[in-house]
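Just so you know, we're using this note's numbering here: the sequence shown kicks off at 1 and counts up by one.
Glycine is no exception: its CB is placed at the ideal position from the N, C-alpha and C atoms.
These numbers come from a predicted model, not from an experiment.
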Amino acid sequence: MTFAISHANTPLGAVAVSTNPTAPETGPQPRPRPADAPAPAPGVDLPAAPATAAELARVAADRAAGQLAPPAPVRLHDVVPAPAQARPDPAGDFTLPPDAAIRVSAAGRHVAEQLADWLRPATGFPLPVTDHAGPGPDAPLTLTLSPATATAGTDGDDTGSDPALGDEGYRLDVTATDVRITADTPAGLFHGAQTLRQLLPPAIESATPVAERWAVPGGTIVDRPRFPYRGAMLDVARHFFGVDDVLRVVDHLARYKLNHLHLHLTDDQGWRIAVDSWPRLAEVGGVTGVGGGPGGWYTPDDYRRIVAYAARRHVTVVPEIDLPGHTNAALVAYPELAPGKTAPPPYTGTDVGFSYVDPADERTYAFVADVFGELAALTPGPWLHLGGDEAFKVPAERYRAFVERAQALVAATGKTVVGWHQIAPAGHVDGRVLQWWGTNGDDPATADAVRRGARLILSPGNHAYLDMKYAADTPIGHDWAGLVDVRRAYDWDPGTHVHGVPADAVLGVEAPLWTESVTNRAEIEFMLLPRLPALAELGWSPRATHDWPAFRDRLAGHGVRWATAGIAFHRAPEIPWPATVAPQRRPADRPDRDRAPLG
Ligand code: TNX
1 MTFAISHANT PLGAVAVSTN PTAPETGPQP RPRPADAPAP APGVDLPAAP
51 ATAAELARVA ADRAAGQLAP PAPVRLHDVV PAPAQARPDP AGDFTLPPDA
101 AIRVSAAGRH VAEQLADWLR PATGFPLPVT DHAGPGPDAP LTLTLSPATA
151 TAGTDGDDTG SDPALGDEGY RLDVTATDVR ITADTPAGLF HGAQTLRQLL
201 PPAIESATPV AERWAVPGGT IVDRPRFPYR GAMLDVARHF FGVDDVLRVV
251 DHLARYKLNH LHLHLTDDQG WRIAVDSWPR LAEVGGVTGV GGGPGGWYTP
301 DDYRRIVAYA ARRHVTVVPE IDLPGHTNAA LVAYPELAPG KTAPPPYTGT
351 DVGFSYVDPA DERTYAFVAD VFGELAALTP GPWLHLGGDE AFKVPAERYR
401 AFVERAQALV AATGKTVVGW HQIAPAGHVD GRVLQWWGTN GDDPATADAV
451 RRGARLILSP GNHAYLDMKY AADTPIGHDW AGLVDVRRAY DWDPGTHVHG
501 VPADAVLGVE APLWTESVTN RAEIEFMLLP RLPALAELGW SPRATHDWPA
551 FRDRLAGHGV RWATAGIAFH RAPEIPWPAT VAPQRRPADR PDRDRAPLG
């Protein structure tokens with residue numbers, strides 16, 4: 001059988017040891033040979049002709065394995081977020097052979113294809129995906145969808161205590177001969193595949209083939225999340241980001257087992273989603289942004305592309321239309337929605353709290369119903385976020401009545417209401433979720449809403465806000481909720497954070513990135529990483545695993561992965577980055593922040 005592989009024409013004596021063109025100064029380097037390793041043969045050892053591409057790859061990889069020192073070992077415990085249970089078995093270390101195939105049953109096929117997509121560029125291996133049930137050679141990588149197989153063993157060990165993997169859990173077994181991922185659902189398989197990716201050497205992030213021994217540490221992981229909702233928010237309203245930037249953010253979320261992407265689609269500075277029944281919202285309201293930039297908006301097809309890409313990565317999109325405040329862009333487009341019925345000037349500054357749709361006009365509720373109706377039809381996920389924050393100019397009673405009508409209109413679409421915690425005083429509607437962004441966990445109004453049935457997504461401003469500066473000299477971001485370094489992002493407990501709110505009312509956690517000062521992809525990544533993995537660990541890992549020194553050390557290895565993949569990140573000084581992670585250029589070295597990447 002022949003497979004197309006990217007380095008089929010590479011001379012075998014010179015297996016590609018390449019660096020990632022997107023990160024030339026930090027890409028993987030050839031490792032020094034150990035003193036007792038045989039010297040590489042001069043010239044080229046060709047196997048008997050005719051060689052297939054797969055044979056060439058095998059010979060090349062065997063040679064690489066013989067010549068290279070083992071990669072800096074990744075340990076089973078190095079995974080972020082920390083697995084619920086991990087039992088290393090040093091006798092079970094596995095090395096990926098060049099002829100490896102991935103076997104999977106039909107329902108998990110998309111996961112196997114993604115795993116292959118992640119591993120092919122750096123390994124250069126063909127990694128065919130084969131049918132679980134069909135004939136074929138034994139594959140060393142197997143993904144199995146099968147309930148009730150999570151028990152680790154019969155010897156009472158710590159991995160065998162919980163047979164229920166649930167909606168998102170998985171079990172990973174690594175032995176000297178094979179790697180098996182088992183889950184009840186495709187989402188569980190996907191999370192298991194992300195874990196496997198992290199257990200391979202960091203060079204696996206290279207976009208081009210690298211000579212490496214593709215080792216995976218032996219042992220067993222049984223893993224499942226602490227909270228069902230784990231997310232991040234991207235504000236595409238203050239600055240607009242195109243579809244490709246959003247897809248890249250989805251990739252970052254999925255890497256760390258986050259399963260929700262909240263898109264803040266509308267604000268004073270721009271309306272970013274086309275609405276057929278109110279076309280001027282995007283066409284007029286979408287052409288502005290903070291600082292006077294050109295803005296932009298998503299067509300229904302753009303939005304569908306984001307939703308579909310996210311769904312394949314088991315990430316649910318949560319769209320937000322911020323009401324009744326933060327609506328200047330809508331009022332520019334449709335003055336009839338404004339309390340004075342005259343269009344305000346477009347707004348490109350960064351103040352909040354001055355705009356609102358007219359709560360006394362029935363036309364406003366037709367607008368709300370139409371917008372949520374169209375958005376619900378485009379959104380397969382269960383949530384619609386109606387905003388509700390900082391409507392400072394709307395009197396409390398009016399505000400409460402508006403929110404109750406808006407909640408009912410969302411519920412009428414069949415979706416579940418999410419809103420910022422300012423909506424707490426409004427009456428309960430089935431299933432509603434408050435997103436809490438306070439900085440002081442003493443919040444009686446929110447606790448009361450929870451007693452009336454609401455659940456909480458926790459986004460405490462002083463821990464989870466990714467637009468807060470890391471330190472006083474961080475070149476972008478805010479500081480109204482304080483400085484949020486990596487330790488502050490990590491050191492809090494969602495289960496006990498808001499007084500009077502029990503852990504079982506906490507649906508999960510979300511890290512919002514507001515973008516008043518964030519203008520491009522590198523700046524998004526700089527603010528996301530390394531804090532997003534901290535939030536991910538709070539949402540996924542059992543509290544018993546919470547340990548700052550251990551987290552800091554695990555996180556350090558991820559810097560090498562990001563650098564290899566060409567992903568920007570903040571070289572936070574409290575993380576012991578390995579020497580191979582190049583230091584960050586100082587902000588002073590970047591005369592034009594809008595163009596020079598941070599990273
Ligand atoms: C508050 S948090 C806001 C946003 C700003 C953000 C800046 C929230 C629901 N509203 O409008 O962008 O602060 O940190």
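- Boundaries of the alpha helix (DSSP H) around G188: 186-199.
- Annotated as distal: R451 and G427, with beta-carbon spacing of 9 Å or more.
- Bounds of the alpha helix (DSSP H) holding Y490 are 486-490.
- Every unbroken stretch of the beta strand (DSSP E) spanning 3 or more residues and falling wholly within the region 65-106 is given here in chain order: 85-88, 102-104.
- For the pair P573 and A489, the Cα-to-Cα distance works out to about 14 Å.
- Minimum Cα-Cα distance from E404 among the listed residues G353, L458, E336, L323 corresponds to L323.
- With respect to the C-alpha of L265, the residue from T342, Q422, L384, D485 having the closest C-alpha is L384.
- In this structure the region 481-499 touches the region 522-536; the number of beta carbon pairs closer than 8 Å is three or more.
- Per DSSP, the continuous alpha helix (DSSP H) segment holding R120 begins and ends at 109-123.
- Taken through DSSP and simplified to helix, strand or coil, H558 comes out as helix.
- Taking the Cβ atoms as the reference, V433 lies roughly 15 Å from T413, outside the contact range of under 8 Å.
- Residue nearest to N520 within the set L115, V243, G92 is V243 (criterion: CA-CA distance).
- The beta-carbon separation of R171 and V222, rounded to 5 Å, stays under the 8 Å limit for a contact.
- Your pair T195 and T144 does not check out as a contact, with CB atoms roughly 15 Å apart and the cut at 8 Å.
- Scanning D493, T474, G461 for the CA closest to the CA of W480 turns up G461.
- For H260, the enclosing beta strand (DSSP E) covers residues 260-264.
- In the displayed model, R571 falls within coil according to three-state DSSP, outside both helix and strand.
- Ranking T327, R120, V174 by CA distance to the CA of R75 puts V174 first.
- Taking all protein chains shown into account, G340 has fewer than 16 neighbouring C-beta atoms within 10 Å of its C-beta and is therefore exposed.
- Here the alpha carbon of L141 sits roughly 12 Å from the alpha carbon of E113.
- In the DSSP annotation of this structure, the continuous segment of the alpha helix (DSSP H) that includes I306 starts and ends at 300-312.
- Taking all protein chains in view, the Cβ of S277 is surrounded by fewer than 16 other Cβ atoms within 10 Å, so the residue is classified as exposed.
- Within 8 Å of the C-beta of G461 there is at least one heavy atom belonging to the ligand TNX.
- The bridge partners DSSP lists for A183 are L145.
- In summary, T299 is exposed, with fewer than 16 beta-carbon neighbours lying within 10 Å of its beta-carbon over all protein chains present.
- Distance from the Cα of L261 is smallest, within the candidate group G291, A176, H239, V307, for V307.
- Nearest neighbour of L507 by Cα position, chosen from G270, P576, N259, turns out to be N259.
- Every unbroken stretch of the alpha helix (DSSP H) spanning 4 or more residues and falling wholly within the region 441-470 is given here in chain order: 444-451, 461-464.
- In this structure, E374 sits away from V290, with a CB-CB distance that is not shorter than 9 Å.
- Here the alpha carbons of A406 and A396 stand approximately 15 Å from one another.
- Not one heavy atom of the ligand TNX lies closer than 8 Å to the C-beta of Y347.
- Taking C-alpha positions only, L456 is separated from R180 by approximately 36 Å.
- Y365 is positioned such that its CB atom lies no closer than 9 Å to that of L281.
- Sixteen is the threshold: when 16 or more other Cβ atoms of the shown chains lie within 10 Å of the Cβ of D268, as they do, the residue is buried.
- Contact between L199 and P217 holds, since their C-beta atoms are separated by about 6 Å, short of 8 Å.
- The Cβ atoms of I524 and L513 lie closer than 9 Å to each other.
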